[in-house]
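Order-wise, the sequence lines are chains A and B. Going by the numbering used here, the letters in the first sequence line up with residues 15 to 330, in that order. Going by the numbering used here, the letters in the second sequence line up with residues 15 to 330, in that order. Just so you know, even glycine gets a beta-carbon here, dropped at the ideal spot from N, CA and C. Note that the structure is a prediction, hence the values are computed from the model and not measured. The block underneath contains the structure these notes are about, expressed in structure tokens.
Number of protein chains: 2
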Amino acid sequence: MEFDLIDAIRARVNIARDDVVLGVGDDAALTRLAPGRQLVACADTLVAGVHFPLDTAPEDLGWKSLAVNLSDLAAMGAAAAWALLALTLPRADVRFVESFADGFAALARVHEVALVGGDTTQGSLSITVTALGMVPAGEALTRGGARVGDGVFVTGTLGDAGGALHQLQNHATPASTLLARLNRPEPRLAEGMALRGIANACIDVSDGLLADLGHVCAASSVGAELDAEALPLSPALTAAFDPATCRELALTGGDDYELCFTAPVSRETEIAAKLEPAGCRATRIGRIVAGAGMRVLDAHGNEIEMTRAGWEHFSR
Amino acid sequence: MEFDLIDAIRARVNIARDDVVLGVGDDAALTRLAPGRQLVACADTLVAGVHFPLDTAPEDLGWKSLAVNLSDLAAMGAAAAWALLALTLPRADVRFVESFADGFAALARVHEVALVGGDTTQGSLSITVTALGMVPAGEALTRGGARVGDGVFVTGTLGDAGGALHQLQNHATPASTLLARLNRPEPRLAEGMALRGIANACIDVSDGLLADLGHVCAASSVGAELDAEALPLSPALTAAFDPATCRELALTGGDDYELCFTAPVSRETEIAAKLEPAGCRATRIGRIVAGAGMRVLDAHGNEIEMTRAGWEHFSR
Chain A
15 MEFDLIDAIR
25 ARVNIARDDV
35 VLGVGDDAAL
45 TRLAPGRQLV
55 ACADTLVAGV
65 HFPLDTAPED
75 LGWKSLAVNL
85 SDLAAMGAAA
95 AWALLALTLP
105 RADVRFVESF
115 ADGFAALARV
125 HEVALVGGDT
135 TQGSLSITVT
145 ALGMVPAGEA
155 LTRGGARVGD
165 GVFVTGTLGD
175 AGGALHQLQN
185 HATPASTLLA
195 RLNRPEPRLA
205 EGMALRGIAN
215 ACIDVSDGLL
225 ADLGHVCAAS
235 SVGAELDAEA
245 LPLSPALTAA
255 FDPATCRELA
265 LTGGDDYELC
275 FTAPVSRETE
285 IAAKLEPAGC
295 RATRIGRIVA
305 GAGMRVLDAH
315 GNEIEMTRAG
325 WEHFSR
Chain B
15 MEFDLIDAIR
25 ARVNIARDDV
35 VLGVGDDAAL
45 TRLAPGRQLV
55 ACADTLVAGV
65 HFPLDTAPED
75 LGWKSLAVNL
85 SDLAAMGAAA
95 AWALLALTLP
105 RADVRFVESF
115 ADGFAALARV
125 HEVALVGGDT
135 TQGSLSITVT
145 ALGMVPAGEA
155 LTRGGARVGD
165 GVFVTGTLGD
175 AGGALHQLQN
185 HATPASTLLA
195 RLNRPEPRLA
205 EGMALRGIAN
215 ACIDVSDGLL
225 ADLGHVCAAS
235 SVGAELDAEA
245 LPLSPALTAA
255 FDPATCRELA
265 LTGGDDYELC
275 FTAPVSRETE
285 IAAKLEPAGC
295 RATRIGRIVA
305 GAGMRVLDAH
315 GNEIEMTRAG
325 WEHFSR
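Here it is as structure tokens:
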């Protein structure tokens, strides 16, 4: 089945880049790194029934399978460049593949990502994308650089994708803006690049803010305090859920694909200016403290007990 | 389940490389390309029940999932450098993962490949490895350079893995040398690098000689003639099968992971000398001709009709 499907994908995902010496069609792809750049590489898998509902539209899957990987590049402050797609399908369903490729291509075009290779195989539906990008040597953002006294910031709004998933699971119809956050996440590549030289640490929020900020704290050997009142919530989320649920979704909902970063509070104005061209706000939601672990504080500075430690995949 | 498994894998696949700036544990890996090098990238998936029998030992799976990808780098004349592993498992089976990682690490050590990232997810057993390597700019071997008059060469022997699979499917016990060719293929990286500047075209034999040489012919707009009597067969294969079956296995059996390349016949002595340090012979098995398609000739120069066009996965 392999060849027809690859042709269907190639025909639709045809973003050209000057730095691709050889794309799909040989044993491997050949590409050129720009001078002074380091390679940034990641690979994430989406499994049907685990990472997305079985009835997710193939266009959305194509978009999302690339988005979750570009989000990892964004968290490093990298520019996206190339991708490899390993698509496993129960049968050679050309219409599925064409729709999938259309969704993949729609996001690939936004960030000028060339599809340079991959594999199509037969089996249970799952998608592994490898995203490759570049960052100026020494300028990558990592999880390990958070410093005591840093502010904790997050781009955009939190909890929207988790809210949509919550509603789907309860057979409610999510608002279209919430559903779009779940199915068509926007990787924050421009924001990540803008934060180079400013953010001390950065991660993308894929498993939930507490879980992901927890990785930053562990890698940086610090703790964090979050102000529950400061969590940025969309109007669509606050219209759909009570305040306590909104807070829980913002803290533990997965699939937000916003960037959570730490930076000196003194640079807050500069951060806003740098992010403005990307059309994205960052909100300061807390601070890095000595010690370990995370505390969430209410408006009076009292700790709120959390019942969930992070996002649970909807079916396990 | 993700974190325990990743730790189990990291502990076992701990090949260090100076060019890894940041390995497993952040949002993405950071690596450095050597000066004057181009990046070579490929990703292949192995699905349980399609690409390997369900009772394949996890050590062999770990080896093979890396080997099939390193073989693609070999076919480009590249040096292997880094890998990402996306492992999907029905359940968090630490013993399986440890054995898998041991097999992966055994091959990674041979070729000094650092595991720099990936993902572990829950689902039907399948493995996608992304292999990343480097080649001096402009020196990669490709499928498209075969010229009329070139000799067609192949490294090692053909049909051994196909023979082992054939026996397993018929509930026979393959000789250990044949079984090793199926479960522990040796990617021909040193050979591919030695062929830079000599071979005009190159591919690895994964789907069967006729199928893969067919890709070279199509990409190069040429045809090929193969001499059936020249096909290199191992003593273990000729001991296990009659001559006609040996020939069919050599022409259409998959999973050989030898290199098939074309080069001027005048350079045959040089080829032998270049490959000798790798401990590997190349055999001239035919020639590139004008036109399209492939013909297999007997000792009298008469065409042999083939009934199969390539390797069929053992279960579809």
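- Taking a contact to require three or more Cβ pairs closer than 8 Å, the region 143-150 of chain B and the region 44-64 of chain B qualify as touching.
- Taking a beta-carbon distance threshold of 9 Å, A/D40 counts as an interface residue toward chain B.
- If you ignore the 5 residues before and after A/D174, its C-beta comes within less than 6 Å of the C-beta of L192, R195, S248 and L251, all in its own chain and listed in chain order.
- The Cβ atoms of B/V168 and B/I299 lie closer than 9 Å to each other.
- Under DSSP, the beta-bridge partners assigned to A/P150 are A/R51.
- Contact with chain A is found for B/S140, since one of that chain's Cβ atoms lies less than 9 Å from the residue's Cβ.
- Sequence-distant Cβ neighbours of A/R309 in its own chain, meaning closer than 6 Å and more than five residues away, are E239 and E317.
- If you check the CB distance, B/G50 and B/L99 do not come in under 9 Å.
- According to DSSP, A/W96 shares a beta bridge with A/A128 and A/L146.
- Only buried fits A/T102, as 16 or more other CB atoms lie within 10 angstroms of its CB.
- Look at the beta carbons and you see the region 154-165 of chain B touching the region 206-215 of chain B: at least three pairs across the two are nearer than 8 Å.
- Short of 6 Å from the beta carbon of A/T276, and not among the five residues preceding or following it, lie these beta carbons of its own chain, in chain order: A160, D164, V166, N214, A215 and I302.
- DSSP places A/I212 outside both helix and strand once states are collapsed to three, so it counts as coil.
- Of A/T134, A/A93 and A/A233, the smallest CA-CA separation from A/G305 is found for A/A233.
- For B/D33, the three-state secondary structure derived from DSSP is coil.
- B/A100 has a beta carbon lying within less than 9 Å of a beta carbon in chain A.
- Within 10 angstroms of the beta-carbon of A/N197 lie 16 or more other beta-carbons, which makes it buried.
- Per DSSP, the unbroken beta strand (DSSP E) holding B/R309 starts and ends at G307 to L311.
- Listed along the chain, the chain A residues whose CB falls inside 7 Å of the CB of B/Q52 are V35, L44, T45 and R46.
- With a cutoff of 9 Å on beta-carbon distance, A/L172 and A/G37 are scored as not near each other.
- Taking a 10 Å sphere around the C-beta of B/H185, we find fewer than 16 other C-beta atoms and assign the residue as exposed.
- Going by DSSP, A/R301 is part of the beta strand (DSSP E) stretching over A296 to V303.
- Contact between B/L223 and B/A264 holds, since their C-beta atoms are separated by about 7 Å, short of 8 Å.
- At a C-beta separation below 7 Å, A/M308 has no neighbours in chain B, since its nearest C-beta there lies roughly 17 Å away.
- With fewer than 16 other Cβ atoms inside 10 Å of its own Cβ, B/V108 counts as exposed.
- Taking every protein chain shown into account, the CB of B/L289 has 16 or more other CB atoms within 10 angstroms, so this residue is buried.
- Contacts with chain B at 9 Å (Cβ-Cβ) include A/M90.
- L155, T156, R157 and G158: these are the residues of the region 155-166 of chain A whose beta carbon lies less than 9 Å from some beta carbon of chain B, given in chain order.
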